[in-house]
Amino acid sequence: MSRYRDVILFFTLALLWGGSFVAIEVGLDYYPPVLYAAYRFDVAALALISYVLVTQDGPFPRTRGDLAAIGFSGGLSVAANNALLFVGQQYTTSGIASITYSLVPIATAAVAAVWIGGADLDRRGAVGVVLAFLGVGLVAQPDPANLGGGVAVGVGLIAIGVIAVAVGSVGLRTVETSFSSVALTGWAMGFGALAIHALSLGIGESQRLPAVAPRALVALAFLGLLSSAVAYTIYFTLLDRLGPFEINLVSYVVPIVATVAGALLLAEPVTPFTVAGFAVIVLGFGLLKRREIADAAAGIRFPG
2 MSRYRDVILF FTLALLWGGS FVAIEVGLDY YPPVLYAAYR FDVAALALIS YVLVTQDGPF
62 PRTRGDLAAI GFSGGLSVAA NNALLFVGQQ YTTSGIASIT YSLVPIATAA VAAVWIGGAD
122 LDRRGAVGVV LAFLGVGLVA QPDPANLGGG VAVGVGLIAI GVIAVAVGSV GLRTVETSFS
182 SVALTGWAMG FGALAIHALS LGIGESQRLP AVAPRALVAL AFLGLLSSAV AYTIYFTLLD
242 RLGPFEINLV SYVVPIVATV AGALLLAEPV TPFTVAGFAV IVLGFGLLKR REIADAAAGI
302 RFPG
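In terms of the working numbering, the sequence shown has 18 at position 17, counting the first letter as 1, and numbering is strictly consecutive.
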């Protein structure tokens, strides 16, 4: 029964994270991009920190390791990543943004190999990393005559955000914390929201209260509550049960959800280059994680 529950949670997580890219597209009609990212994490931090304060003992950061972890997660994985994602998604569709974002497990493995050493990045693994970034190039379809605008700029910004996530994730492995992963996520979202607000002010975005249009409210509520607070709680629950390899596979279901939802709800185009680029990224992931895939396949048990 627990296995069925994990499968339901896995696909729920994919739906929530896939839908977030569509919600970003909707909200960008109402907000400057960086301010919109800040509002997302205002809502998410309020919900998650409230949950942590009510349900957990010792929810507050107490050690230098706690503060360092909040800095890595909030400064890089939340603030830098989302500011770049929201700005970049002005130039792309939901599907293209989500496909670019599927580089996260690959970029994390590459950064880990450089920073702390890792067995994943042998010669074939390195080829997998290169293939994955070539796949992103196919998705972006850069035009040499127009490198200052268009999809290539959006994909480039989102890819830099992916690297920020990777550095933040690997940096998190180098510190010890005294509180739970959910508590860390809540405080990181709070710190990240403050940092994004400061960035929004610093770059001169027009400041405004949250929009009251129904579409804008639904998009912000979905982003802040469902795809952030609820989704990250599901993520850490599954991480404990399944381990990092299986849960990272959600990165390759999310683009399918985002692409289909974007096409159906926003009439976004899906080109053959988009599909081909995603296939090349998945191939790169397969080369990089071939040992884990073989181990997972060997562990499958069929009835009889």
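Positions of the beta carbon are idealized from the N, C-alpha and C atoms, including for glycine.
Asked: Nearest-angstrom Cα separation, counted from GLY129 out to ARG291; Found: 10 Å
Asked: Three-state secondary structure (DSSP) of ARG209; Found: coil
Asked: Minimum C-alpha distance to GLN208 - residue among GLN57, HIS198, SER78; Found: HIS198
Asked: Cβ separation of SER103 and SER252, assumed to be a contact under 8 Å, to the nearest whole Å; Found: 5 Å
Asked: Inter-stretch contact (C-beta, 8 Å, three-pair minimum) for the region 243–258 and the region 65–73; Found: no
Asked: Distance between PHE279 and SER74 (C-alpha atoms, nearest Å); Found: 27 Å
Asked: Whole alpha helix (DSSP H) elements within the region 77–102, 4-residue minimum; Found: 82–89, 95–102
Asked: Terminal residues of the alpha helix (DSSP H) in which SER170 lies; Found: 152–174
Asked: Residue of ARG65, PHE180, ALA38, GLY136 minimising C-alpha distance to ALA160; Found: GLY136
Asked: Beta-carbon gap between VAL23 and LEU226 smaller than 9 Å; Found: no
Asked: Own chain, CB closer than 7 Å to ILE204, minus 5 neighbours either side, in chain order; Found: VAL35
Asked: Beta-carbon spacing of GLY287, ILE294 below 9 Å; Found: yes
Asked: Rounded Cβ spacing between ILE164 and ALA108 (contact assumed at less than 8 Å); Found: 6 Å
Asked: Burial state of ASP43, where buried means 16 or more other Cβ atoms lie within 10 Å; Found: buried
Asked: First through last residue of the alpha helix (DSSP H) which encompasses PRO215; Found: 215–222
Asked: Where PRO62 sits in the DSSP three-state scheme; Found: coil
Asked: Exposure of ALA277, with buried meaning 16 or more beta-carbon neighbours within 10 Å; Found: exposed
Asked: Where PRO256 falls: helix, strand or coil (DSSP); Found: helix
Asked: Buried/exposed call for GLU306, threshold 16 Cβ in 10 Å; Found: Given that the chain is displayed from residue 2 to residue 305, the structure contains no residue 306 and the question cannot be resolved.
Asked: Span separating the alpha-carbon of PHE61 from that of THR238; Found: 20 Å
Asked: Nearest to ALA113 (by Cα), restricted to the options LEU173, VAL55, PHE87; Found: LEU173
Asked: For ALA80 and GLY191, believed in contact at Cβ under 8 Å, the rounded distance; Found: About 11 Å; that fails the 8 Å criterion.
Asked: Cα-Cα separation between GLY310 and LEU289, rounded to whole angstroms; Found: Not covered by the structure: residue 310. The range shown for the chain is 2 to 305.
Asked: Cβ pair ILE282, ILE100 closer than 9 Å; Found: yes
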